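Enquirer: Sharing a structure, written as structure tokens. Questions coming.
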Amino acid sequence: MASTIRVRAVSSGDITEVQALIQHPMDSGYVKDAKGQLIPPHFIDQLVFEHGGKNVLVANWGPAVAKDPYIKFSFKGAKKGDDLKISWVDNKGATDSTIAKIQ
Amino acid sequence: MTADNGFRATRRLVLQGAGLVALAGLGNVALDVAPAQAAAADKYPGKAFTLKGDTDAIQALYGKTTEASDKIALDVPEIAENGAVVPISATTTLANVTSIAFLVSENPNALAAYYQIPESTLPNVSNRVKMAKTTKVTAIVESGGKLYSATKEVKVTVGGCGG
Amino acid sequence: MSENRTRMMRSLLLISGLLLAASAPAFAASEADFKSAYAAAAAAEKEADAIRDQWTTAEAALKAARKAADAGNFDQAIAAAKQAEALAKAAIFQAASEKDRWKDAEVR
Amino acid sequence: MRAGPPIRLGTAVLSLAALALAVFALNARAAPASETPDPVADAKAFRDYFVKKFPTVKPDDFVNGPYSMNQDMRKQWEDMEQFPPYEFALEAGKEMFSKPFKNGKTYADCFSNGGIGIRQNYPYFDEKEGKVITLELALNRCREVNGEAPLSYMKDDMAALTAYMAYTSRGKLMDIKIPNDPRALAAYENGKRYFYTRRGQLNFSCASCHVQNPGERIRAEILAPALGILNAMPIYRSEWGGMGTISRRFVSCNSQVRAVALEPQSEEYRDLEYYLSYVSNGLPISGPGSRP
Numbered sequence: 001m002a003s004t005i006r007v008r009a010v011s012s013g014d015i016t017e018v019q020a021l022i023q024h025p026m027d028s029g030y031v032k033d034a035k036g037q038l039i040p041p042h043f044i045d046q047l048v049f050e051h052g053g054k055n056v057l058v059a060n061w062g063p064a065v066a067k068d069p070y071i072k073f074s075f076k077g078a079k080k081g082d083d084l085k086i087s088w089v090d091n092k093g094a095t096d097s098t099i100a101k102i103q
Numbered sequence: 001m002t003a004d005n006g007f008r009a010t011r012r013l014v015l016q017g018a019g020l021v022a023l024a025g026l027g028n029v030a031l032d033v034a035p036a037q038a039a040a041a042d043k044y045p046g047k048a049f050t051l052k053g054d055t056d057a058i059q060a061l062y063g064k065t066t067e068a069s070d071k072i073a074l075d076v077p078e079i080a081e082n083g084a085v086v087p088i089s090a091t092t093t094l095a096n097v098t099s100i101a102f103l104v105s106e107n108p109n110a111l112a113a114y115y116q117i118p119e120s121t122l123p124n125v126s127n128r129v130k131m132a133k134t135t136k137v138t139a140i141v142e143s144g145g146k147l148y149s150a151t152k153e154v155k156v157t158v159g160g161c162g163g
Numbered sequence: 001m002s003e004n005r006t007r008m009m010r011s012l013l014l015i016s017g018l019l020l021a022a023s024a025p026a027f028a029a030s031e032a033d034f035k036s037a038y039a040a041a042a043a044a045e046k047e048a049d050a051i052r053d054q055w056t057t058a059e060a061a062l063k064a065a066r067k068a069a070d071a072g073n074f075d076q077a078i079a080a081a082k083q084a085e086a087l088a089k090a091a092i093f094q095a096a097s098e099k100d101r102w103k104d105a106e107v108r
Numbered sequence: 001m002r003a004g005p006p007i008r009l010g011t012a013v014l015s016l017a018a019l020a021l022a023v024f025a026l027n028a029r030a031a032p033a034s035e036t037p038d039p040v041a042d043a044k045a046f047r048d049y050f051v052k053k054f055p056t057v058k059p060d061d062f063v064n065g066p067y068s069m070n071q072d073m074r075k076q077w078e079d080m081e082q083f084p085p086y087e088f089a090l091e092a093g094k095e096m097f098s099k100p101f102k103n104g105k106t107y108a109d110c111f112s113n114g115g116i117g118i119r120q121n122y123p124y125f126d127e128k129e130g131k132v133i134t135l136e137l138a139l140n141r142c143r144e145v146n147g148e149a150p151l152s153y154m155k156d157d158m159a160a161l162t163a164y165m166a167y168t169s170r171g172k173l174m175d176i177k178i179p180n181d182p183r184a185l186a187a188y189e190n191g192k193r194y195f196y197t198r199r200g201q202l203n204f205s206c207a208s209c210h211v212q213n214p215g216e217r218i219r220a221e222i223l224a225p226a227l228g229i230l231n232a233m234p235i236y237r238s239e240w241g242g243m244g245t246i247s248r249r250f251v252s253c254n255s256q257v258r259a260v261a262l263e264p265q266s267e268e269y270r271d272l273e274y275y276l277s278y279v280s281n282g283l284p285i286s287g288p289g290s291r292p
């Protein structure tokens with residue numbers, strides 16, 4: 001199944017700007033479906049970005065993060081061609097991860 | 001209400017354990033103590049995400065109070081295009097930032113996101129969050145162990161002709 | 001041009017007056033009264049459907065009438081049926097009055 | 001600067017007595033059109049109206065709907081365009097477009113130029129059948145001809161396919177033809193009639209919002225100008241939390257003014273799409289788009 005993570009990591013000088021878009025419903029547990037039943041909470045609670053074996057960002061998310069979440073941040077100490085590992089886990093234990101090349 | 005934290009904590013440890021083992025496998029990586037220590041700091045603050053108001057969430061997350069600072073640029077729209085997808089970003093000139101958090105006061109649970117920022121990462125993050133209704137939005141920056149915050153209001157209404 | 005605008009406004013005021021009057025009465029009603037009110041409403045809605053200018057609120061009112069009647073609450077059922085009929089009639093009036101009026105709004 | 005006093009859209013309008021309370025804002029208009037419709041003149045007048053009403057908006061920018069009308073909304077849109085929410089639908093559409101049917105054929109076999117870069121010619125008037133064929137109808141016909149079940153016109157797969165086809169036409173100018181056939185002219189006129197006819201309990205026509213009040217707010221939303229309004233289709237709407245086709249947009253607009261929606265791809269909707277696309281000729285395709 002195609003990965004649920006789309007990443008764009010672009011390095012200029014010592015700073016690498018990372019953008020990621022993740023396909024996930026991010027149900028908050030407060031929304032009712034068409035038949036009036038509450039849709040159970042189903043959201044990514046932790047998203048980790050790793051480079052060179054070290055975490056460059058750990059995002060702890062609650063149910064308020066938007067559907068198909070997007071995130072952008074920058075970090076230092078990486079160069080073109082390095083690997084950036086992205087992995088997420090959600091409150092139902094589902095996970096996905098991918099490795100992206102830094103452009 | 002959410003999956004019980006016990007289960008998630010054990011899964012977290014299993015994952016990190018696996019992560020460490022994988023790292024050990026990479027011959028060229030100088031495996032020093034830091035990743036283990038950094039991994040411990042990653043513990044998911046589940047409780048803070050279930051609390052209602054800002055103050056309780058901040059207390060549960062940091063155990064300290066925050067003070068306003070003009071060194072944090074919180075960028076949120078004045079009127080949200082749509083409460084379901086509100087772009088939010090925070091950047092700061094404060095020194096050695098270790099974490100950034102976003103709080104949406106009027107949401108059922110105020111804490112929306114909590115970012116742990118290692119020192120090699122720049123202290124600015126952009127995200128898209130849901131807002132239940134017109135609300136105050138706060139970005140909290142932990143710098144040098146002290147908490148600073150910036151707050152703005154975002155107007156959110158039902159779109160279109162409504163009902 | 002503004003002359004027929006006011007004429008249309010006056011007729012619409014009449015229609016909404018009718019709507020308010022229709023939903024006001026609350027007298028002990030029997031199933032027979034409900035049946036006739038419901039039939040009238042259904043006929044009006046069928047006509048509105050035929051000219052493809054039905055209002056969602058008209059359909060909702062008719063459903064509410066049926067539900068109230070099934071629950072044996074005929075006062076409410078008749079009120080809802082009358083409202084449905086009035087709304088459907090307003091939709092028919094709207095379509096008729098718009099038949100040529102739309103040209104006035106056209107950008108030229 | 002506005003053409004007429006804006007229509008008051010407070011909750012009062014939504015009440016039962018909306019009919020009586022709605023304040024009609026109509027400019028004085030010249031005499032009604034002569035009997036035989038003149039699409040070329042219509043399109044020119046339509047375009048001049050918007051260019052005159054919004055002198056600061058570059059003509060090509062009208063296709064960006066609300067974002068051509070409001071800077072704050074535009075900034076939020078530009079932020080999101082860096083990684084647009086329709087990214088997943090676009091990729092799914094591309095994959096679906098090349099996946100062969102059970103009989104080995106693909107969508108490319110049903111369309112000129114393999115379906116690439118042709119969205120700007122849809123909808124067109126099919127003189128054999130004597131009716132307007134929209135891209136969504138053509139896609140479902142292609143499926144049926146190849147023994148596949150038709151898709152829902154409203155979202156998901158149909159939205160993904162049309163998103164990919166629109167993407168391959170990005171930047172090309174809308175190019176809708178009206179052949180020299182009285183039935184084509186009638187379809188065009190029927191679409192124009194639907195566009196200007198008031199409907200539903202709120203008693204609004206498409207023009208009430210998208211011609212007389214573009215740039216105004218309807219609660220939190222900024223109304224898009226009608227010029228080029230279909231050029232960004234299909235769109236990912238945050239309100240829907242997903243993709244939506246032209247059919248879904250027409251149906252939801254109807255239900256918002258409390259008019260019972262027609263069947264997707266029914267004649268009125270296809271003719272409406274024909275009229276709206278024709279008067280937007282010459283404006284670039286910008287689909288798939290993302291909207292509030």
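Line by line, the protein sequences are chains A, B, C and D. If you're matching positions, the first sequence starts at 1 in the numbering used here and goes up one per residue. If you're matching positions, the second sequence starts at 1 in the numbering used here and goes up one per residue. If you're matching positions, the third sequence starts at 1 in the numbering used here and goes up one per residue. If you're matching positions, the fourth sequence starts at 1 in the numbering used here and goes up one per residue. The beta-carbon is built from N, C-alpha and C at its ideal position, and this holds for glycine as well. Values in this document were obtained by computation on a predicted structure and should not be read as measured data.
Measure the CB-CB distance between B/Lys136 and B/Thr151 and report whether it falls below 7 Å.
Expert: To locate residue 136 of chain B, count along the second sequence from 1; it is residue 136. To locate residue 151 of chain B, count along the second sequence from 1; it is residue 151. Yes, these two residues count as a Cβ contact at 7 Å.
Enquirer: Using C-beta distances below 6 Å, list every residue in its chain close to D/Gly289, excluding the 5 sequence neighbours before and after it, in chain order.
Expert: Here the question's residue 289 of chain D lines up with position 289 in the fourth sequence. Only Ala232, Ile235 meet the Cβ criterion.
Enquirer: Taking Cβ positions only, does D/Phe111 come closer than 7 Å to chain A?
Expert: Indexing the fourth sequence from 1 puts residue 111 of chain D at position 111. No, D/Phe111 lies away from the interface with chain A (no Cβ there is under 7 Å from its Cβ).
Enquirer: At a CB-CB cut-off below 7 Å, which residues of chain A make contact with D/Gly241?
Expert: As a working mapping, residue 241 of chain D is identified with position 241 in the fourth sequence. Correct list: Lys67.
Enquirer: Going by C-alpha distance, which of D/Ser266, D/Phe54, D/Asp60, D/Arg237 is nearest D/Gly191?
Expert: Within the fourth sequence, the letter at position 191 stands for residue 191 of chain D. Among D/Ser266, D/Phe54, D/Asp60, D/Arg237, the Cα nearest to that of D/Gly191 belongs to D/Ser266.
Enquirer: Is DSSP giving D/Pro66 helix, strand or coil here?
Expert: Numbered from its first residue, the fourth sequence carries residue 66 of chain D at position 66. Three-state result, D/Pro66: helix.
Enquirer: Since B/Gln116 sits in a beta bridge, which residues does DSSP pair it with?
Expert: Here residue 116 of chain B is taken as the residue at index 116 of the second sequence, counted from 1. In DSSP, B/Gln116 forms a bridge with A/Val58, B/Ser99.
Enquirer: Does the Cβ of D/Glu136 have 16 or more other Cβ atoms within 10 Å, making it buried, or fewer, making it exposed?
Expert: Counted from its first residue, the fourth sequence places residue 136 of chain D at position 136. The residue is buried, with at least 16 neighbouring Cβ atoms inside 10 Å.
Enquirer: Please list, in chain order, the residues of the stretch 220-234 of chain D that have any C-beta partner in chain B closer than 9 Å.
Expert: Ala220, Glu221, Ile222
Enquirer: With a threshold of 7 Å between beta carbons, is D/Leu238 in contact with chain B?
Expert: As a working note, residue 238 of chain D is residue 238 in the fourth sequence. A small fix is needed here, since residue 238 of chain D is Ser in this sequence, not Leu. Yes, D/Ser238 lies at the interface with chain B (some Cβ there is under 7 Å from its Cβ).
Enquirer: So, is the C-beta of A/Gln46 closer than 7 Å to a C-beta in chain D?
Expert: On the first sequence, position 46 is the one that residue 46 of chain A refers to. For A/Gln46, no Cβ of chain D is located within less than 7 Å of the residue's own Cβ.
Enquirer: Just to confirm my understanding: we take D/Val63, look at its own chain, exclude 5 residues before and 5 after, and list those with CB closer than 7 Å. What are they?
Expert: Counting from one through the fourth sequence, the residue named residue 63 of chain D turns up at place 63. Gly228, Asn231, Ala232, Leu283, Pro284, Ser286, listed in sequence order.
Enquirer: Suppose you measure from the CA of C/Ile15 to the CA of C/Asp100; what does that come to, to the nearest Å?
Expert: Within the third sequence, residue 15 of chain C is the residue found at index 15, counting from 1. Within the third sequence, residue 100 of chain C is the residue found at index 100, counting from 1. For C/Ile15 and C/Asp100, the distance between alpha carbons rounds to 20 Å.
Enquirer: Look up B/Thr153 in the DSSP assignment and say whether it is helix, strand or coil.
Expert: The residue labelled residue 153 of chain B in the question sits at position 153 within the second sequence. In the sequence on display, residue 153 of chain B carries Glu and not Thr. Residue state, collapsed to three classes: strand.
Enquirer: Can you give the Cα-Cα distance for A/Tyr70 and D/Ser255, rounded to whole angstroms?
Expert: Position 70 of the first sequence holds residue 70 of chain A. Position 255 of the fourth sequence holds residue 255 of chain D. Taking the straight line from one Cα to the other gives about 31 Å.
Enquirer: Can you give me the Cβ contacts of B/Gln37 inside the same chain, cut-off strictly under 8 Å, excluding the 5 residues immediately before and after it?
Expert: Translated into positions along the second sequence, residue 37 of chain B becomes position 37. Note that B/Gln37 scores 36 on pLDDT, short of 50, meaning its location in the model is unreliable and no value can be drawn from it.
Enquirer: If you draw a straight line from the C-alpha of B/Ser126 to the C-alpha of D/Leu202, how long is it?
Expert: Along the second sequence, read from residue 1 onward, the residue named residue 126 of chain B stands at position 126. Along the fourth sequence, read from residue 1 onward, the residue named residue 202 of chain D stands at position 202. Taking the straight line from one Cα to the other gives about 40 Å.
Enquirer: Going by DSSP, what residue range makes up the alpha helix (DSSP H) through B/Ile58?
Expert: On the second sequence, residue 58 of chain B is found 58 positions in, with the first residue counted as 1. Segment 54-62, the alpha helix (DSSP H) holding B/Ile58.
Enquirer: So with Cβ pairs under 7 Å, would you call A/Ser74 a contact of chain B?
Expert: Here residue 74 of chain A refers to the residue found at position 74 when the first sequence is read from its first residue. For A/Ser74, the answer is yes, since a Cβ of chain B falls inside 7 Å of its Cβ.
Enquirer: Within 7 Å of any Cβ in chain D, is that where the Cβ of A/Leu57 sits?
Expert: As a first step, residue 57 of chain A is located in the first sequence; it is residue number 57 there, counting from the start. The beta-carbon of A/Leu57 is placed no less than 7 Å from the nearest beta-carbon of chain D.
Enquirer: Applying the 10 Å Cβ sphere with the 16-neighbour rule, what's the burial state of A/Leu38?
Expert: Here residue 38 of chain A corresponds to residue number 38 of the first sequence, with the count starting at 1. So A/Leu38 counts as exposed.
Enquirer: Could you name the residues of chain B that A/Gly77 contacts, counting a contact when the two beta carbons are closer than 8 Å?
Expert: On the first sequence, position 77 is the one that residue 77 of chain A refers to. In chain order: Ser120.
Enquirer: With a threshold of 7 Å between beta-carbons, can C/Thr57 be considered close to chain F, or not?
Expert: The chain inventory of the structure shown lacks chain F, comprising the protein chains A, B, C and D.
Enquirer: Using the rule of at least 16 other Cβ atoms within 10 Å of the residue's Cβ for burial, across every protein chain shown, is B/Asn109 buried or exposed?
Expert: By one-based count along the second sequence, residue 109 of chain B stands at place 109. Flag for B/Asn109 reads buried.
Enquirer: Measure the beta-carbon distance from C/Ala65 to C/Ala81 and round it to whole angstroms, keeping in mind my assumption that it falls under 8 Å.
Expert: Within the third sequence, numbered from 1, the residue matching residue 65 of chain C stands at position 65. Within the third sequence, numbered from 1, the residue matching residue 81 of chain C stands at position 81. Their Cβ separation, rounded to whole angstroms, is 4 Å, which keeps C/Ala65 and C/Ala81 in contact under 8 Å.
Enquirer: Quick check on the DSSP output: what are the complete alpha helix (DSSP H) runs of length 4 or more inside the stretch 27-89 of chain C, in order along the chain?
Expert: If we require 4 residues or more, the alpha helix (DSSP H) runs fully inside the stretch 27-89 of chain C come out as 31-50, 56-70.
Enquirer: Identify whether D/Trp240 lies in helix, strand or coil by the three-state DSSP scheme.
Expert: Translated into positions along the fourth sequence, residue 240 of chain D becomes position 240. The answer is coil: DSSP assigns D/Trp240 none of H, G, I, E or B.
Enquirer: Check the C-beta distance from B/Ile100 over to B/Ala139 and give it rounded, since I have them as a contact under 8 Å.
Expert: Along the second sequence, one-based indexing puts residue 100 of chain B at 100. Along the second sequence, one-based indexing puts residue 139 of chain B at 139. With a Cβ gap of about 7 Å, B/Ile100 and B/Ala139 count as contacting.
Enquirer: In whole angstroms, what is the alpha-carbon distance linking D/Asn218 and B/Gln116?
Expert: Locating residue 218 of chain D in the fourth sequence gives position 218, where the first residue counts as 1. Locating residue 116 of chain B in the second sequence gives position 116, where the first residue counts as 1. The identity of residue 218 of chain D in the sequence shown is Ile, whereas the question assumes Asn. Between D/Ile218 and B/Gln116, the C-alpha separation is close to 40 Å.
Enquirer: Report yes if the C-beta distance between B/Tyr62 and B/Leu147 is below 7 Å; otherwise report no.
Expert: Along the second sequence, one-based indexing puts residue 62 of chain B at 62. Along the second sequence, one-based indexing puts residue 147 of chain B at 147. With contacts defined by Cβ atoms closer than 7 Å, B/Tyr62 and B/Leu147 form a contacting pair.
Enquirer: Could you tell me how far apart the beta carbons of B/Val85 and B/Phe102 are, in whole angstroms, since I believe they sit closer than 8 Å?
Expert: As a working note, residue 85 of chain B is residue 85 in the second sequence. As a working note, residue 102 of chain B is residue 102 in the second sequence. Not really, about 14 Å apart at Cβ, beyond 8 Å.
Enquirer: Using a Cβ-Cβ distance under 7 Å, would A/Gly36 count as near chain B?
Expert: Position 36 of the first sequence holds residue 36 of chain A. Interface flag for A/Gly36 against chain B is unset, since no Cβ pair is found closer than 7 Å.
Enquirer: Would DSSP call D/Ala92 helix, strand or coil?
Expert: Your numbering for residue 92 of chain D matches position 92 in the fourth sequence. In this structure, D/Ala92 counts as helix in the three-state DSSP scheme.
Enquirer: Using the rule of at least 16 other Cβ atoms within 10 Å of the residue's Cβ for burial, across every protein chain shown, is A/Val31 buried or exposed?
Expert: The residue you call residue 31 of chain A lines up with position 31 of the first sequence. Under this definition A/Val31 is an exposed residue.
Enquirer: I'd like to check one pair, D/Glu189 with D/Pro37: are the Cβ atoms closer than 7 Å?
Expert: By 1-based counting over the fourth sequence, the position of residue 37 of chain D is 37. By 1-based counting over the fourth sequence, the position of residue 189 of chain D is 189. With respect to D/Glu189, D/Pro37 sits close: the two C-beta atoms are nearer than 7 Å.
Enquirer: Measuring only between beta-carbons, confirm whether B/Leu74 sits less than 7 Å from chain A.
Expert: For the purposes of this step, residue 74 of chain B is taken as residue 74 along the second sequence, with counting starting at 1. Interface residue (Cβ-Cβ distance to chain A less than 7 Å): B/Leu74 is not classified as such.
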